[in-house]
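Residue numbers (this note's numbering), protein chains in the order written: chain A, 1 to 547; chain B, 1001 to 1092.
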């Protein structure tokens, strides 16, 4: 009996250890800039997290190390090493640069600080690698009121599509990441320009990605201001080559009906279900298990709560959909937040306090974790939501965080609770971040994925939502709904994600756009979007079918 | 006199240290200049502001005010304008 108990205990320990050694992809090292005592000390770590997540697609076991902690010979322990040069003139250890010149393992160098190796004669950089580094380029001129967009190398041409870099000039401040390293191939037998970039204002072109044997240089650090047509996708695709991965999925598509809760309109859900069912397209429904309007904002100032047991229209809609190719994704417990610690101070988080409107796992008003934030608190809400769903006979196939933002602990709790999540994700450089510190402040970074991530920084399996969603400017009805995002835009986004090997065209749609009082062509546009994605050759799938 | 010697020694040591420091600095590669306008640029890791707003914008559905979550509008019945599930719901 004792032996049996020991065996069971051993099996349990082995099972718990499974995620640690189950990663079977290429082992990777990420070196990042972290100069101590600076305002932006942790920015490099934020970039490292984003790259680490992408490497999670390849099931890589990843180590993230500040570059100053590099030890001689370390590159040889990894299939690939990525140095993220994010901090201008941060000192790169000589041991690393020396190893770069001798290792046979893949090394990828991003953006800054290449000059420390390329311009130091002891490394014989140009003769060794067949390309030269000549300097930095950024904005073509200092922006001014009369020249707000001086231009920069903002276009990266890849697989015949122009990928963009973001730029916004706003009253003297510029939101952009225009700096790039300028290199030129000097020996074509040693180096190749794999991807070019161009500066439309000046008409110049330069290499964006250069490869010389096992050494790669990416002129940019493509983790800033990312979007569905951003140059970030170029890196997402090139990672296959950098890691030597030669297999990938055929292009897949996913559609999710969003924010479906107790107040759903049955006819809208039936209409969408019928259309998808007729087209034999599987789909998911982001379901809010428990409806809460604690302030009575939509109920004449009378608080209203609708559990699953009373949510007749929701259950009718789900039952109809589940019989026709639909499946449930759990989208929050209540998709709103009630502050139980500060006497309901933050119950509007930040709009109405009503399910579907507000954040649940992040205090967006203070931009901090909520007062109750803890693993136990998040687990409690997840389990409460699961119980609500179970009371209606539903089992979710994935989790989606409301408004795609939860705390670090909430994401870690999601990893413990759900086998799959289906979303974009916000990551933090600390579990309790301090965004306002004068020194070594923290960062929050939102990330879009073009393909599934087997394990992300928080341990979550993440299925992608890569394209966005149809929006209409209905500011006359809701002042915060004040822009259009068309089905054509989303189909174009799908063209871009298709350049990524194993890319998913994944989007969502709010059924409420079918309601006639909004006066928008919701159904027609939804059909056009489905058809447009279909025409691009994607195969439709749902979370339950993704391993 | 002794004190002066100490001062001299300290001065020489400082000069040697300075020279050593200078020579060490001279071994460092001079970085390329930053491009024009760099001081105006703010770099943010992660999504564009437009994508960040997409996470929460237009998720509010004002038409659900005082909505009856028990009445199935897809079923035609007296007093229920309804819908057959093939088109947009009719609102009262």
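All residues carry an ideal CB built from backbone N, CA and C; glycine is no exception.
Remember, it's a predicted structure, so these values are computed and weren't measured experimentally.
Quick check on the burial criterion: 16 or more other C-beta atoms within 10 angstroms. Buried or exposed for residue i?
| i | result |
| --- | --- |
| residue 353/A | buried |
| residue 36/A | exposed |
| residue 524/A | exposed |
| residue 118/A | buried |
| residue 323/A | exposed |
| residue 21/A | In this prediction, residue 21/A scores a pLDDT of 43, lower than 50, which makes its location untrustworthy; no coordinate-derived value is stated. |
| residue 364/A | buried |
| residue 81/A | buried |
| residue 290/A | buried |
| residue 409/A | buried |
| residue 180/A | buried |
| residue 218/A | buried |
| residue 92/A | buried |
| residue 26/A | buried |
| residue 538/A | buried |
| residue 481/A | buried |
| residue 1070/B | exposed |
| residue 498/A | buried |
| residue 1065/B | exposed |
| residue 200/A | exposed |
| residue 267/A | buried |
| residue 1026/B | Summary for residue 1026/B: the model assigns pLDDT 44, below 50, so the residue's position carries little reliability; its value from the coordinates is reported in the next sentence. Exposed: under 16 other Cβ atoms inside 10 Å. |
| residue 345/A | exposed |
| residue 145/A | exposed |
| residue 310/A | exposed |
Alpha carbons only, please: which of the options is nearest the one belonging to residue i?
| i | options | result |
| --- | --- | --- |
| residue 501/A | 393/A, 251/A, 223/A and 461/A | 251/A |
| residue 166/A | 196/A, 188/A, 228/A and 109/A | 228/A |
| residue 1053/B | 404/A, 490/A, 536/A and 474/A | 404/A |
| residue 111/A | 265/A, 249/A, 479/A and 84/A | 84/A |
| residue 387/A | 344/A, 332/A and 272/A | 332/A |
| residue 425/A | 230/A, 458/A and 64/A | 458/A |
| residue 494/A | 481/A, 465/A and 513/A | 465/A |
| residue 128/A | 185/A, 137/A and 141/A | 185/A |
| residue 148/A | 207/A, 174/A and 359/A | 174/A |
| residue 221/A | 462/A, 87/A and 276/A | 87/A |
| residue 122/A | 487/A, 510/A, 99/A and 171/A | 99/A |
| residue 41/A | 452/A, 485/A and 438/A | 438/A |
| residue 371/A | 342/A, 379/A and 381/A | 342/A |
| residue 106/A | 211/A, 339/A and 518/A | 211/A |
| residue 452/A | 379/A, 547/A, 488/A and 396/A | 547/A |
| residue 182/A | 188/A, 193/A, 124/A and 236/A | 193/A |
| residue 279/A | 536/A, 530/A and 24/A | 530/A |
| residue 549/A | 471/A, 381/A, 30/A and 330/A | Residue 549/A lies beyond the stretch modelled for chain A, which goes from 1 to 547, so this question has no answer here. |
| residue 373/A | 407/A, 477/A and 307/A | 407/A |
| residue 327/A | 442/A, 430/A, 143/A and 284/A | 284/A |
| residue 321/A | 282/A, 140/A, 347/A and 294/A | 282/A |
| residue 396/A | 318/A, 271/A, 456/A and 358/A | 318/A |
| residue 139/A | 131/A, 152/A, 132/A and 133/A | 152/A |
Check the C-beta distance from residue i over to residue j and give it rounded, since I have them as a contact under 8 Å.
| i | j | result |
| --- | --- | --- |
| residue 402/A | residue 361/A | 7 Å |
| residue 101/A | residue 76/A | Between residue 76/A and residue 101/A the Cβ distance is about 13 Å, and since that is not below 8 Å, they are no contact. |
| residue 116/A | residue 1041/B | The Cβ separation is near 22 Å, so there is no contact. |
| residue 259/A | residue 292/A | Rounded, the Cβ-Cβ distance is 14 Å, inconsistent with contact. |
| residue 421/A | residue 463/A | 7 Å |
| residue 543/A | residue 398/A | 4 Å |
| residue 417/A | residue 382/A | 5 Å |
| residue 137/A | residue 1035/B | 6 Å |
| residue 1045/B | residue 215/A | The Cβ separation is near 25 Å, so there is no contact. |
Does the CB of residue i have a neighbour CB from chain E at under 7 Å?
| i | result |
| --- | --- |
| residue 137/A | Reference to chain E is not applicable here, since the protein chains of this structure are A and B. |
Residues, ordered as in the chain, of the stretch 1035 to 1046 of chain B that lie near chain A by beta-carbon distance below 7 Å: 1035, 1036, 1037, 1038, 1040, 1041, 1042, 1043, 1044, 1045 and 1046
Select from the stretch 310 to 322 of chain A all residues with a C-beta closer than 7 Å to any C-beta belonging to chain B, and list them in chain order. Per Cβ criterion, the list reads 311, 312, 313 and 316.
Taking a cut of 7 Å between CB atoms, which residues from the stretch 285 to 301 of chain A lie near chain B? Residues passing the 7 Å Cβ filter: 298, 299 and 300.
Suppose only complete runs of 4+ residues qualify. What are the alpha helix (DSSP H) ranges in the stretch 481 to 520 of chain A, listed by chain order? Here the runs fully enclosed are 487 to 497.
Ignoring anything shorter than 4 residues or poking outside the stretch 356 to 397 of chain A, list the alpha helix (DSSP H) runs there in chain order. 375 to 391
Uninterrupted beta strand (DSSP E) stretches inside the stretch 408 to 437 of chain A (no shorter than 3 residues): 425 to 428
Near-chain B residues of the stretch 247 to 269 of chain A (beta-carbon distance less than 7 Å), N- to C-terminal order: 259, 262, 263, 265, 266, 267 and 268
Going along the stretch 157 to 190 of chain A in order, which residues come within less than 8 Å of chain B, judged by CB to CB distance? 166, 168, 172, 173, 174, 175, 176, 177, 178 and 179
Below 8 Å between beta carbons is the criterion; list the residues of the stretch 36 to 62 of chain A that meet it against any residue of chain B, in chain order. Within the stretch 36 to 62 of chain A, contact with chain B at the beta-carbon level (separation under 8 Å) is assigned to 43, 46, 47 and 50.
Which runs of the beta strand (DSSP E) fall wholly inside the stretch 238 to 266 of chain A and span at least 3 residues, in chain order? The stretch 238 to 266 of chain A contains these whole beta strand (DSSP E) runs: 252 to 260.
Closer than 7 Å, Cβ to Cβ, to anything on chain B: give me those residues from the stretch 385 to 411 of chain A, in chain order. 403, 404 and 405
Along the stretch 435 to 467 of chain A, what residues have a CB closer than 9 Å to any CB found in chain B? Under the 9 Å Cβ criterion, the stretch 435 to 467 of chain A contributes 443, 444, 445, 446, 447 and 448.
Return the residues of the stretch 209 to 231 of chain A that lie within a Cβ-Cβ distance of less than 8 Å from chain B, sorted by chain order. 223, 224, 225, 226, 227, 228 and 230
Start-end ranges of the alpha helix (DSSP H) lying completely within the stretch 305 to 337 of chain A, minimum 4 residues: Within the stretch 305 to 337 of chain A, the complete alpha helix (DSSP H) runs of at least 4 residues are 312 to 322.
Please list the residues of the stretch 121 to 147 of chain A that have a C-beta atom closer than 7 Å to any C-beta atom in chain B, keeping them in chain order. Correct list: 135, 136, 137, 138, 139, 141, 142 and 143.
If you measure beta-carbon to beta-carbon, which residues of the stretch 71 to 94 of chain A are closer than 9 Å to chain B? 86, 88, 89 and 91
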